[in-house]
RNA sequence: GGCGGGUUGGCGGAGAGGUUACGCAGCGGAUUGCAAAUCCGUGAAGACCGGUUCGAUUCCGGUACCCGCCUCCA
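Numbering (the UniProt record's numbering), first residue to last: 1 to 453.
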């Protein structure tokens, strides 16, 4: 079997992946803050981790991989959304959570084994903060509890920066109650109108980073295998998680491999809320891009590289999937091909895996093509409706066949050509062979432009 | 300012110190009433300047440009 190799942000090298316990491989992905629709950047790490999850299940067995992805349902963005809309927080988080599950499912992602919600782990967070205070890594000040970055020698290791350098950058908020400008909030007081929980430090709510530390510990223990997210989470979010977890549980190693995916670009720029150039997964689905097609576009680019979303890529992806679905229709999937597993095992080289799939398609091994594609979450039965969808154009096919039969005798093909070009203009695919005539909806098909029969 | 990533053929996009990546598009052919689809074949590359080497697009150094993080963001 090919050894799995992964790029570990912690060491900045591609390393052999060796799980702590092959019968219980544990991976954790930072999930969404549920206050709005997931944008297309949010989908990238989900798809990356979904492929990783499928590959690990292939290697270690389905029952031996545990995948957790949290929902952050306590956050000031949610509070702000509630205040501006007048809707209860619980209603917003419940609705957004379901949107997220629907949208990620539409892209062909499996659901993780665990999907913890932050508000269900407030007790664990408080306990962890208490442990940090008692161990001398955190302190209370003006109702806040802050992590003391100077107390953790390893602070900055994950993101490759030093506390002194960052302070030199002088772009941190310097609250008067902080011992060091880089200290970050573990707990903060809540005004009466904001969500809050009773704690040893008064009524308040957790800070930005503590939830992932508390939830991963509750589900996976002091040490687990892989933790991931977008590269923009490397600092400060993941750096702070490391600090909290390693100081609260020094007997463990927290995450041993860190996987970070590069950003998704639109027109060569990072998609971001502040730039206003982002759109949601639902926007793409509503524009008529099939979930499977969107997924294929993501897989075309290696996860460690910036990826550009373009309509051209989507068209190319659709063409490939259309072809493969045609080749594999009715074929029973066998086992994934060794070359596809090898490509994925090489730091999730999805582009290489797709190339291997082309090889299987060209060599006629459709059973392996189908099985291998499923390792990438492609060519699954439930993802193929986009091809079947649309109008039944067999009446046009019959009419065209009849006209052609007449034309064969009369040698006058003008009526055949007229109907054919009208169908093509409406975006239909027309195939006339000796065996018969086929008319199907093609790319850009518009039923309203069909000619009358 | 500090730290990190990138620059491959018309486009997208990988691997490998020496032997075709792959896909899309293009071109030639087969097929077709004409097309489409399909099949066969085919040209085209690695920002710039140095270094190491028998040999570098691949390793090392520098230059230019692009992008990201350092502030809510995946």
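Where a beta carbon is used, it is the ideal one built from N, C-alpha and C, also for glycine. Just so we're clear, the structure is a prediction, and the values are computed from it rather than from any experiment.
Checklist entry - Taking residue 94 as the reference, which of 77, 24, 73, 383 has the closest Cα? => result Closest by alpha carbon: 73.
Next on the checklist: By the three-class DSSP mapping on this structure, what secondary structure does residue 259 have?
Outcome noted: Residue state, collapsed to three classes: strand.
Checklist entry - How about the stretch 215-232 and the stretch 22-33: do they share at least three Cβ pairs that are nearer than 8 Å? => result When Cβ pairs closer than 8 Å are counted between the two stretches, the stretch 215-232 is seen to touch the stretch 22-33, the count reaching three or more.
Checklist entry - Below 8 Å, can you find three or more Cβ-Cβ pairs linking the stretch 49-68 to the stretch 80-95? => result By the Cβ rule, the stretch 49-68 does not count as touching the stretch 80-95, because fewer than three pairs are nearer than 8 Å.
Item to check | Those runs of the beta strand (DSSP E) which lie wholly inside the stretch 388-445 and span at least 3 residues | outcome: Complete beta strand (DSSP E) runs here, min 3: 428-433, 436-441.
Next on the checklist: Are the CB atoms of residue 303 and residue 10 within a distance shorter than 9 Å?
Outcome noted: Contact check for residue 10 against residue 303 fails: the beta carbons are separated by 9 Å or more.
Next on the checklist: So, with DSSP's three-state summary, where would you put residue 324?
Outcome noted: Helix.
Checklist entry - Opposite residue 366 in the DSSP bridges: which residues? => result According to DSSP, which records beta bridges pairwise, residue 366 is partnered with nothing at all.
Checklist entry - What separation, rounded to the nearest whole angstrom, lies between the Cα atoms of residue 354 and residue 367? => result Each residue's alpha carbon lies about 15 Å from the other.
Checklist entry - Any idea what DSSP makes of residue 147, helix, strand or coil? => result DSSP, read as helix, strand or coil, puts residue 147 in strand.
Item to check | residue 166 vs residue 156 beta-carbon contact at 9 Å | outcome: Contact: yes.
Checklist entry - What's the gap between the Cα of residue 210 and the Cα of residue 382? => result Their Cα atoms are separated by approximately 38 Å.
Next on the checklist: Taking DSSP's pairing of strands, which residues face residue 33 in a bridge?
Outcome noted: 72, per the DSSP bridge assignment.
Checklist entry - Three-state secondary structure (DSSP) at residue 331? => result If DSSP states are grouped into helix, strand and coil, residue 331 belongs with coil.
Checklist entry - Given 8 Å as the limit, is there contact between the stretch 309-327 and the stretch 340-347, that is, 3 or more CB pairs closer than that? => result They do not touch, by the three-pair rule.
Next on the checklist: Suppose the cutoff is 6 Å on Cβ atoms and the five residues either side in sequence are ignored; what does the same chain contact list for residue 265 look like?
Outcome noted: Excluding sequence neighbours, residue 265 sits near 306, 308.
Checklist entry - Taking Cβ positions, are residue 6 and residue 259 nearer each other than 9 Å? => result Taking 9 Å as the Cβ cut-off, residue 6 and residue 259 qualify as a contacting pair.
Checklist entry - Which residue comes first and which comes last in the alpha helix (DSSP H) that contains residue 457? => result Nothing can be reported for residue 457: it is not among the residues displayed for the chain, which extend from 1 to 453.
Checklist entry - Excluding sequence positions up to five away, which residues of its chain have a Cβ less than 7 Å from the Cβ of residue 446? => result For residue 446, where only same-chain residues beyond five positions count, the Cβ hits under 7 Å are 426, 427.
Item to check | Within 9 Å, strictly: CB atoms of residue 437 and residue 395 | outcome: Between residue 437 and residue 395, the C-beta gap is not smaller than 9 Å, which leaves the two residues out of contact.
Checklist entry - Quick one: is residue 214 buried, meaning 16 or more other Cβ sit within 10 Å of its Cβ, or exposed? => result Classification of residue 214: buried, given that the 10 Å Cβ count is 16 or more.
Checklist entry - So, using beta-carbon positions, are residue 331 and residue 296 closer together than 9 Å? => result No, the pair does not count as a contact, with Cβ atoms beyond the cut-off.
Item to check | Residue from 220, 185, 217 with nearest C-alpha to residue 204 | outcome: Residue 204 has its Cα closest to that of 185, out of 220, 185, 217.
Checklist entry - If residue 145 sits next to residue 183, beta carbons under 8 Å apart, how far is it from one beta carbon to the other, in whole angstroms? => result About 10 Å separates the two Cβ atoms, so there is no contact after all.
Checklist entry - So what does residue 223 bridge to, in DSSP terms? => result Its beta-bridge partners are 254.
Item to check | Touch test, the stretch 43-52 against the stretch 186-206, Cβ-Cβ under 8 Å, three pairs minimum | outcome: Cβ pair count under 8 Å is below three, so no.
Checklist entry - By how many angstroms is the C-alpha of residue 380 removed from the C-alpha of residue 34? => result Each residue's Cα considered, the two are about 28 Å apart.
Next on the checklist: With distance defined between alpha-carbon atoms, name the residue in 152, 62, 206 nearest to residue 180.
Outcome noted: Nearest of 152, 62, 206 to residue 180, Cα basis: 152.
Next on the checklist: Nearest by alpha-carbon distance to residue 329: which of 218, 365, 339 is it?
Outcome noted: Comparing alpha carbon positions, the residue from 218, 365, 339 closest to residue 329 is 365.
Checklist entry - Mind pulling the beta strand (DSSP E) runs of 3 or more residues that sit fully within the stretch 34-102? => result Entirely contained in the stretch 34-102, the beta strand (DSSP E) runs reaching 3 residues are, in chain order, 65-69.
Item to check | Nonlocal neighbours in the same chain, by C-beta distance under 8 Å from residue 419, ignoring five residues either side | outcome: These residues qualify, in order along the chain: 396, 399, 400, 403, 451.
Item to check | Start-end ranges of the beta strand (DSSP E) lying completely within the stretch 103-168, minimum 3 residues | outcome: Fully contained in the stretch 103-168 are the following beta strand (DSSP E) runs of length 3 or more, in chain order: 138-141, 144-147.
Next on the checklist: For residue 190, which residues in the same chain have their Cβ closer than 7 Å to its Cβ, ignoring the five residues on either side in sequence?
Outcome noted: Answer for residue 190: 196, 203, 204, 205, listed in chain order.
Checklist entry - Say the cut is 8 Å; is the CB of residue 88 nearer than that to a heavy atom of the ligand GDP? => result Among the ligands in the structure shown, none appear at all, so the ligand GDP cannot be discussed.
Item to check | Touching by the beta-carbon criterion (3+ pairs, under 8 Å), the stretch 335-344 and the stretch 312-319 | outcome: No: the two stretches stay apart, fewer than three of their Cβ pairs being nearer than 8 Å.
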